[in-house]
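Protein chains: 2
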Amino acid sequence: MIIDCHGHYTTAPAPLWEWRKRQVAGQDPGPLRISDDEIRETLEKNQLRIQRERGTDLTFFSPRAGSMEHHVGDARMSEAWSRQCNDLIHRVCSLYPSNFAPVCQLPQSPGVSPENCIPELERCVQELGFIGCNLNPDPSGGWWQAPPLGDRFWYPLYEKLVELEVPAMVHVSSSCNPAFHFTGAHYINADTTAFMQFIQSDLFRDFPTLKFVIPHGGGSVPYHWGRYRGLAQDMGKPPLKEFLLQNVFFDTCVYHLPGIELLLKVIPVENILFASEIVGAVRGVDPDTGHYYDDTRRYIDAAGLTAADREKIYSGNLRRVYPRFERRAAG
Amino acid sequence: MIIDCHGHYTTAPAPLWEWRKRQVAGQDPGPLRISDDEIRETLEKNQLRIQRERGTDLTFFSPRAGSMEHHVGDARMSEAWSRQCNDLIHRVCSLYPSNFAPVCQLPQSPGVSPENCIPELERCVQELGFIGCNLNPDPSGGWWQAPPLGDRFWYPLYEKLVELEVPAMVHVSSSCNPAFHFTGAHYINADTTAFMQFIQSDLFRDFPTLKFVIPHGGGSVPYHWGRYRGLAQDMGKPPLKEFLLQNVFFDTCVYHLPGIELLLKVIPVENILFASEIVGAVRGVDPDTGHYYDDTRRYIDAAGLTAADREKIYSGNLRRVYPRFERRAAG
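Order-wise, the sequence lines are chains A and B.
Take 12 as the starting number for the first sequence in the numbering used here and just add one per residue.
Take 12 as the starting number for the second sequence in the numbering used here and just add one per residue.
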């Protein structure tokens, strides 16, 4: 079985985005009307087609990351928007339970304690069967005004994540800062930044079972693995494998074979989770290979792994990191 | 000959930092008194010792990046501080002309047009023989308030760089933003951000001979080379090799062999410049190899390059990118 732990509903039907426009414009957005057929059409043409073409089985599916827009409006707006997005993900996963498992957006808001996310997290996990969430380390949208992820600011949410056995993917939303292109700089920078924040913190001493997935192959971390090992060592921290790799995992959204080969060489196979982020940041075909840049399964298959290691990346590790998925699959 | 294009005077004598403290405190900092012997001692114990131990010949040497602190005080303070730092670099290079070539700090200041840097740049290059400069894409020190590098905001400075035939290394200073550890996140993020800003711009159509060096192995760029190729392609830009690689170069400050191997695999050898950033971000010995993390020569030597390619990385490319170094060496 091949499970992709990182897919967003980037192709959601137009009424969702129109609802959001009305909400942001300060109008009463009214009820969201989307038929099951509309949902089916957006998926059949896109994510389900791609699953079939690439031979993957199931995607951990969350709302479009760039549209979380925690920086827009206030916490109430963020909450109403998160509910709509999460409810839609729930419908997707109810329509196609063997193709998608639900991951939720959190109603974060700049300057607001993430404690405010707990009711929506509990609703998603306990009532709707969600198995994970996306946590935005920069709800200000490119201005980086939140405390680092090791700060106690985040602890109330972490306590709940631990209690619910829900891992968080560290994922920013769009960037309002013209310095940062959103998928080309902001996303990758956030991944790198989060990992360094973990190095600086004692987070996993306080929360030994808390789990984070750093997407996009861990940002720059595997490429600079020597730098991070050396910085941690200079700071008197334990070796990174002991210090962080019980709690931090990397996905495989790296869009060329040499990058994937590096990831597999430096990061223990137990810490790597298959993902492609379809339909996502890069949509074209690589003229050098004739295949889609984001067809990451090809890179994994070409990397010369043993069958046992491939199985870990494609499904074994995911089942361990996302215990609620495992129970859902068993149940 | 082995030339290191990226070294900072991190070990400068204490009176420099004391001068700076007085300046920042708003006192009259008075004259800077450092003897030639004090300079010699800081270098003999550190950079010169390391050059000898590692068998490298010459370092492009600039003021400590983390201390440029463009965000502290105003443009006048930045200018006075830059002059002190650059004068000290000039003294180093006059004392050891076969070991160091000078690269200057620019008196940038948040919100101030970089046109203000031209007099100090001209002084360094035309009067003192400097061969390059460090350009900070974020003079606000981690808050990223400057326009992207493709913006016309930067053009007056670029015109002068082109006229003087001086390349710029894109190098941020320290981070005031608690989200960003300076050497572990801010530096690497800045490298990634700058490259994406270049992809978004038409800078090199306007300045076909302008040259930038992106340090720290290009941030995350080589690891995500497929992503950057794909993003550029989706944006309708030419292939990256044609579009940017006449103008953008990467150094080799990547502190483990697999990272260097990736860099060499995806980036054309003509675009790679040897560097180690001694004495810099990572100071320890890698217990896995028994050698210093930042002993990047070992990785290059171990990477299975032809002698001709090694020569390009160790000196040929640097001579091409830094024409004033070539003339200085010949003169």
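Cβ coordinates follow ideal geometry from the N, Cα and C atoms, glycine included.
Model, not experiment: these values are computed from the prediction.
query: Going along the chain, which residues of its own chain have a beta-carbon closer than 7 Å to the beta-carbon of Asp305/A, five neighbours each way excluded?; result: Tyr266, Ser287, Glu288, Ile289, Gly291 and Val293
query: Which residues of chain B have a Cβ atom closer than 7 Å to the Cβ of Leu284/A, listed in chain order?; result: Within chain B, no residue comes near Leu284/A; the closest Cβ sits about 17 Å away, beyond 7 Å.
query: At a Cβ threshold of 8 Å, is Tyr380/B touching chain A?; result: Because chain B spans 12 through 342 in this model, residue 380/B falls outside it and cannot be assessed.
query: For Val265/B, which residues in chain A fall below 8 Å Cβ to Cβ?; result: Tyr234, His235, Gly237 and Arg238
query: Taking Cβ-Cβ distances below 7 Å as the criterion, which residues of the region 299 to 326 of chain B are in contact with chain A?; result: Tyr304
query: State the DSSP-derived secondary structure class of Asn145/A, mapped to helix, strand or coil.; result: strand
query: Given Thr263/A, which residues of its chain have a CB within under 8 Å of its CB, disregarding the five upstream and five downstream residues?; result: Gly228, Ile271, Leu274, Ile283, Leu284, Phe285, Ala286, Ser287, Thr307, Tyr310, Ile311 and Ile324
query: Quick check: what's the CA-CA separation for His197/A versus Met79/B?; result: 24 Å
query: Return the Cβ separation of Pro167/A and Ala157/A in integer angstroms, given the expectation that the two are a contact with Cβ distance under 8 Å.; result: Going by Cβ atoms, the distance from Pro167/A to Ala157/A rounds to 14 Å, so no, they are not a contact pair.
query: Taking Cβ positions only, does His192/B come closer than 8 Å to chain A?; result: yes
query: Nearest to Val280/B by CA position, among Asp245/B, Gly140/B, Ala318/B and Trp155/B, is which residue?; result: Ala318/B
query: Per the contact definition of three or more C-beta pairs closer than 8 Å, is the region 174 to 189 of chain B in contact with the region 75 to 89 of chain B?; result: yes
query: Identify the contact partners of Asn188/A in chain B, using a Cβ-Cβ distance below 8 Å as the criterion.; result: Trp155
query: For the region 116 to 134 of chain B and the region 65 to 72 of chain B, state whether three or more C-beta atom pairs, one from each stretch, are separated by less than 8 Å.; result: no
query: So with Cβ pairs under 8 Å, would you call Met180/B a contact of chain A?; result: no
query: Closer than 7 Å: is that where the CB of Ala313/B sits relative to any heavy atom of the ligand HEM?; result: The model depicted lacks the ligand HEM and carries no ligand whatsoever.
query: Would you say Ile199/B faces chain A, with C-beta separation under 8 Å as the test?; result: yes
query: Pull out every residue of the region 67 to 90 of chain A whose Cβ sits closer than 9 Å to any Cβ of chain B, in chain order.; result: none
query: Name the chain A residues that come within less than 8 Å of Gly295/B, Cβ to Cβ?; result: Gly241, Gln244 and Asp245
query: Please check if any C-beta of chain B sits within less than 8 Å of the C-beta of Thr22/A.; result: no
query: Could you tell me whether the region 200 to 219 of chain B touches the region 87 to 98 of chain B, using the rule of 3 or more Cβ pairs below 8 Å?; result: no
query: Using the Cα positions of His17/B and Met12/A, report the straight-line distance between them to the nearest angstrom.; result: 48 Å
query: Can you name the residues that DSSP bridges to Thr307/A?; result: Paired residue(s): none; Thr307/A is not in a bridge.
query: Use the C-beta contact count for Gln137/B: other C-beta atoms within 10 angstroms, 16 or more gives buried, fewer gives exposed.; result: exposed
query: Could you tell me the boundaries of the alpha helix (DSSP H) in which His267/B lies?; result: Here His267/B belongs to no alpha helix (DSSP H), and DSSP marks it neither H nor E.
query: By Cβ distance below 8 Å, which residues in the same chain neighbour Leu27/A in space, the five residues on each side in sequence not counted?; result: Leu43, Ile45, Gln95, Cys96 and Leu99
query: So, is the C-beta of Gly18/A closer than 8 Å to a C-beta in chain B?; result: no
query: What is the rounded straight-line gap between the Cα of Asp213/B and the Cα of Asn328/B?; result: 24 Å
query: Note down the Cα distance separating Pro249/A from Leu221/A, rounded to an integer number of angstroms.; result: 18 Å
query: Between Arg339/A and Gly140/A, how many whole angstroms is the CB-CB distance? I'm expecting something under 8 Å.; result: 6 Å
query: Can a CB atom of chain A be found closer than 8 Å to the CB of Ile278/B?; result: no
query: For the region 211 to 231 of chain A, list every residue whose C-beta sits within 8 Å of some C-beta in chain B, in sequence order.; result: Gln211, His227, Gly228, Gly230 and Ser231
query: Within 10 angstroms of the Cβ of Ala36/B, are there 16 or more other Cβ atoms? Answer buried if so, exposed if not.; result: exposed
query: Pull up the DSSP beta-bridge partners for Pro74/B, would you.; result: Tyr20/B
query: Return the first residue and the last residue of the beta strand (DSSP E) that Lys181/B is part of.; result: Here the sequence assigns Val to residue 181/B, which means Lys is not the residue at that position. First-last of the beta strand (DSSP E) with Val181/B: Ala179 to Val181.
query: For His302/B, name the three-state secondary structure that DSSP assigns.; result: strand
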